[in-house]
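Below is one structure, written out as structure tokens, with a few remarks after it.
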Amino acid sequence: MVAAVESLVNEVPDFGEYFPHFDPLEDIQSPYLFTYYSLPFMPEILPKLDPLSRNHLQELQRTIYESHGWEYALANAKAGKGLVARHLVKYLIKPGDIIVDIQGLKTQAYQALEWAEEMPPDDDGDREDYEDYNILRRKIPPKRGRKSQSNDVRKTLRYKWQLPVSSWRFDGHLRCMKRSYKSI
Numbered sequence: 354m355v356a357a358v359e360s361l362v363n364e365v366p367d368f369g370e371y372f373p374h375f376d377p378l379e380d381i382q383s384p385y386l387f388t389y390y391s392l393p394f395m396p397e398i399l400p401k402l403d404p405l406s407r408n409h410l411q412e413l414q415r416t417i418y419e420s421h422g423w424e425y426a427l428a429n430a431k432a433g434k435g436l437v438a439r440h441l442v443k444y445l446i447k448p449g450d451i452i453v454d455i456q457g458l459k460t461q462a463y464q465a466l467e468w469a470e471e472m473p474p475d476d477d478g479d480r481e482d483y484e485d486y487n488i489l490r491r492k493i494p495p496k497r498g499r500k501s502q503s504n505d506v507r508k509t510l511r512y513k514w515q516l517p518v519s520s521w522r523f524d525g526h527l528r529c530m531k532r533s534y535k536s537i
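Numbering-wise, my numbering comes out as the position in the sequence shown, counting from 1, plus 353.
And the structure:
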């Protein structure tokens with residue numbers, strides 16, 4: 354199986370750039386981002402491999418797809434429509450992507466260095482950071498009146514992702530800056 358995965362990652366374009374720390378001998382954590390990234394290339398790569406590696410990879414792909422295939426398909430469908438859901442951000446921002454921050458006085462662009470990683474939610478957000486849509490009740494909570502004063506914790510959740518990024522800054526000299534960007 355290890356040899357099959359190694360032969361796959363050697364054939365996937367730019368795999369080393371997207372997964373610089375990937376080691377098939379180590380535990381591979383769910384949601385198996387390497388599989389999600391490799392899926393579009395599988396039809397052209399599998400025929401090139403020896404039969405044993407091909408069978409191993411097809412079985413691995415089938416097993417991972419049973420548990421995460423619906424999420425992979427949903428991520429692709431949402432991205433195709435220009436939409437995103439909180440639990441799908443991990444699939445949509447990959448190394449090399451450009452993230453533009455338009456909050457504050459200056460617009461700043463960043464280049465993602467790794468995949469986005471979800472952080473624990475922040476439950477002390479400001480009122481403008483409330484999650485406006487309650488999926489359990491399928492309605493928007495009121496902005497005024499008695500019900501708007503409730504201490505519903507779900508309203509104050511603010512979700513964050515940690516994303517190592519680089520950016521360029523010009524202050525007479527052009528400099529590459531690296532920092533961890535946490536609020537996506």
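Note that the Cβ used here is the ideal one computed from N, Cα and C, for glycine as well.
query, result
"When Gln382, Ala469, Leu413 and Ile452 are compared against Ala462, the one with the closest alpha-carbon", "Ile452"
"Alpha-carbon spacing of Pro448 relative to Gln411, whole angstroms", "26 Å"
"Beta-bridge partners of Arg522, as assigned by DSSP", "Arg528"
"Run of the alpha helix (DSSP H) containing Ile398, from where it starts to where it stops", "Met395 to Ile398"
"Cβ-based neighbour list, Gly369, same chain, cut-off 7 Å, excluding 5 preceding and 5 following", "none"
"Cβ contact check for the stretch 431-446 and the stretch 395-403: 3 or more pairs under 8 Å", "no"
"Paired residues, beta bridge with Asp454 - DSSP", "Gln461"
"Closest residue to Ala426 among Leu402, Tyr389 and Lys459 (Cα-Cα distance)", "Tyr389"
"Close Cβ partners of Arg532 (< 7 Å) along its chain, the five nearest in sequence each way excluded", "Val518"
"Unbroken alpha helix (DSSP H) run spanning Gly422, endpoints", "Pro404 to Gly433"
"Rounded C-alpha distance that separates Trp514 from Met472", "5 Å"
"CB of Glu359 within 8 Å of CB of Lys401, strictly", "no"
"Whole-angstrom C-beta distance between Leu378 and Val309, which should lie under 8 Å", "Because the chain spans 354 through 537 in this model, residue 309 falls outside it and cannot be assessed."
"First through last residue of the alpha helix (DSSP H) which encompasses Lys443", "Val442 to Leu445"
"Element boundaries [alpha helix (DSSP H), containing Glu379]", "Note, Glu379: premise wrong, no alpha helix (DSSP H); not H, not E."
"Where Phe523 falls, given that 16 or more other Cβ within 10 Å makes a residue buried", "exposed"
"Nearest neighbour of Trp521, chosen from Gln464, Glu470, Ala432 and Tyr512 [CA to CA]", "Gln464"
"Through-space distance from Asp475 to Arg511, alpha-carbon basis", "5 Å"
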